[in-house]
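J.:
There are 2 protein chains.
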Amino acid sequence: MTSIAPARRSAASEAWVLMADLVVSQRHRTMCVCAELDLAPGQLHALKWLDPESPKPMRELAAALNCDNSNVTGIIDRLEDRGLVERRPAPHDRRVKMLVVTPKGQELRARIKERMEQAPEQLERLDPDEQRTLRDLLRKALGRDGD
Amino acid sequence: MTSIAPARRSAASEAWVLMADLVVSQRHRTMCVCAELDLAPGQLHALKWLDPESPKPMRELAAALNCDNSNVTGIIDRLEDRGLVERRPAPHDRRVKMLVVTPKGQELRARIKERMEQAPEQLERLDPDEQRTLRDLLRKALGRDGD
DNA sequence: TATTGTTATACTCTATAACTATA
DNA sequence: TATAGTTATAGAGTATAACAATA
């Protein structure tokens, strides 16, 4: 008697499972960066997502973080208390507040990105041409050829 | 005056960022599966991780979920209440409880895996040979050639 | 003395609803 | 009437510490 036959998986599906496992296995690194920089996870993701060159309304940050507006209020409160972000009234709509990253915030943001964008050693160990192939396939799939 | 020059990123690093973005962007799907199957996220991850063919001690599940033992108690309490998992005394060490997935739990687990292992459409849209290349590169990187 | 798992508790994260000020 | 953001509050998730049983 054989065990239940696994559903036939596409190569994309197998790649997806490996990818998701890799990302999940690296989650502790995010927590380490949070601890080092004294940021709550939400604060870190917010600062990472905010664009120093283009202020965004709070509502867009909420959408990016997959959370409610009311949650963003608290996150920004604490970032503003530390002088990393500023709320500015939007000229076109006085209900809206635009989020501006201060120079101090930009410094911290650069450190966050530097740490978070470092590939896990498993990927760094691939040959350079394999790394490029991997990158190009992902660029193509995600439609970011020019990034 | 130029802006701060971005650090030179390896191809692996760029691939990593794309990969992480993709996984994060799919997080809402996990929440949908949780809602459909009436499972809290922790319960879903626990059931997905548990191996129906090889019972595991609770402490190992806690390590796999990156959380404290005390948290696992509650997760398993609720899975056991629903008849999806059973605690069994370990023969070699009476402190340890082994987690066994019941037939009902195995059914639900199969549905979870089916849903979670479905690749995002961006990956499915790649040509079949590109999908295989992607899969093989990840297999090589993660040392799972035979999986 | 150290470890597995449980209980009790507190803290954080997140969501909901009511509110304001604008549109 | 609808939307952006705030406040208050309640629920879930997670961590810590004290404890029981066992090694």
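Protein chains in written order, with numbering that gives the first Met the number 0: chain D, 0 to 146; chain R, 0 to 146. Even glycine gets a Cβ: it sits at the ideal position worked out from N, Cα and C. Quick caveat, the model's predicted, so the values are computed rather than measured.
Step through the CB atoms of chain R and report whether any lies within less than 7 angstroms of the CB of D:Trp-15.
T.: yes
J.: Helix, strand or coil for D:Pro-40 per DSSP?
T.: helix
J.: Would R:Ser-12 be called buried (16 or more neighbouring beta carbons within 10 Å of its own) or exposed?
T.: buried
J.: Could you tell me which of D:Gln-121, D:Arg-143 and D:Asp-135 sits nearest to R:Gly-148, measuring between CA atoms?
T.: Outside the displayed range of chain R (0 to 146) lies residue 148 of chain R, so it cannot be described from this structure.
J.: Which whole runs of the beta strand (DSSP E) in the stretch 52-98 of chain D are 3 residues long or more, in chain order?
T.: 84-88
J.: Could you tell me whether any Cβ in chain R is nearer than 7 angstroms to the Cβ of D:Leu-60?
T.: no
J.: With a threshold of 7 angstroms between beta carbons, is R:Ala-19 in contact with chain D?
T.: yes
J.: Please return the same chain residues whose Cβ sits closer than 7 angstroms to the Cβ of R:Gly-82, not counting the five positions on each side in sequence.
T.: Thr-101 and Lys-103
J.: Look at the alpha carbon of D:Arg-86 and the alpha carbon of D:Leu-98, and state the distance between them as a whole number of angstroms.
T.: Each residue's alpha carbon lies about 5 angstroms from the other.
J.: Listing by chain order, which chain R residues have their CB less than 8 angstroms from the CB of D:Arg-139?
T.: The sequence as given places Lys at residue 139 of chain D; Arg does not occur at that position. Within 8 angstroms Cβ-Cβ: Leu-125 and Glu-129.
J.: So which residues on chain D does R:Gln-200 lean against when the C-beta distance must stay under 7 angstroms?
T.: The structure shown does not extend to residue 200 of chain R, since chain R spans only 0 to 146, so no value can be given for it.
J.: Comparing alpha-carbon positions, which option in D:Pro-54, D:Arg-134 and D:Ala-140 lies nearest D:Ala-89?
T.: D:Pro-54
J.: At a cut of 8 angstroms, does the stretch 127-144 of chain R reach the stretch 126-141 of chain D through at least three beta carbon pairs?
T.: yes
J.: Which residue comes first and which comes last in the alpha helix (DSSP H) that contains D:Lys-102?
T.: In the sequence under discussion, the amino acid at residue 102 of chain D is Pro, which differs from the Lys named in the question. Looking at the DSSP string, the run of the alpha helix (DSSP H) that includes D:Pro-102 is 102-115.
J.: Expressed to the nearest angstrom, what Euclidean distance is found between the alpha-carbon atoms of R:Thr-1 and D:Leu-78?
T.: With a pLDDT of only 44 at R:Thr-1, under the threshold of 50, the placement of this residue in the model should not be trusted, and no figure is reported.
J.: Ordered along the chain, which non-local residues of its own chain (more than five positions away) have a Cβ less than 8 angstroms from that of D:Lys-96?
T.: Pro-56, Met-57, Arg-86, Arg-87, Pro-88 and Ala-89
J.: Assign D:Glu-106 to one of two classes, buried (16 or more other C-beta atoms within 10 Å of its C-beta) or exposed (fewer than that).
T.: Exposed, because fewer than 16 other Cβ atoms sit within 10 Å of the Cβ of D:Glu-106.
J.: Are the CB atoms of R:Val-22 and D:Val-161 within a distance shorter than 7 angstroms?
T.: Nothing about residue 161 of chain D can be reported from this structure: the residues present for chain D run from 0 to 146 only.
J.: Assign R:Ala-19 to one of two classes, buried (16 or more other C-beta atoms within 10 Å of its C-beta) or exposed (fewer than that).
T.: Classification for R:Ala-19: buried.
J.: Would you mind working out which of R:Gly-73, R:Pro-119 and R:Asp-144 sits nearest R:Pro-40, comparing C-alpha positions?
T.: Selected option, being the one with the closest Cα: R:Gly-73.
J.: Under the three-state reduction of DSSP, which class applies to R:Asp-50: helix, strand or coil?
T.: strand
J.: With DSSP collapsed to three states, give me the class of R:Leu-125.
T.: coil
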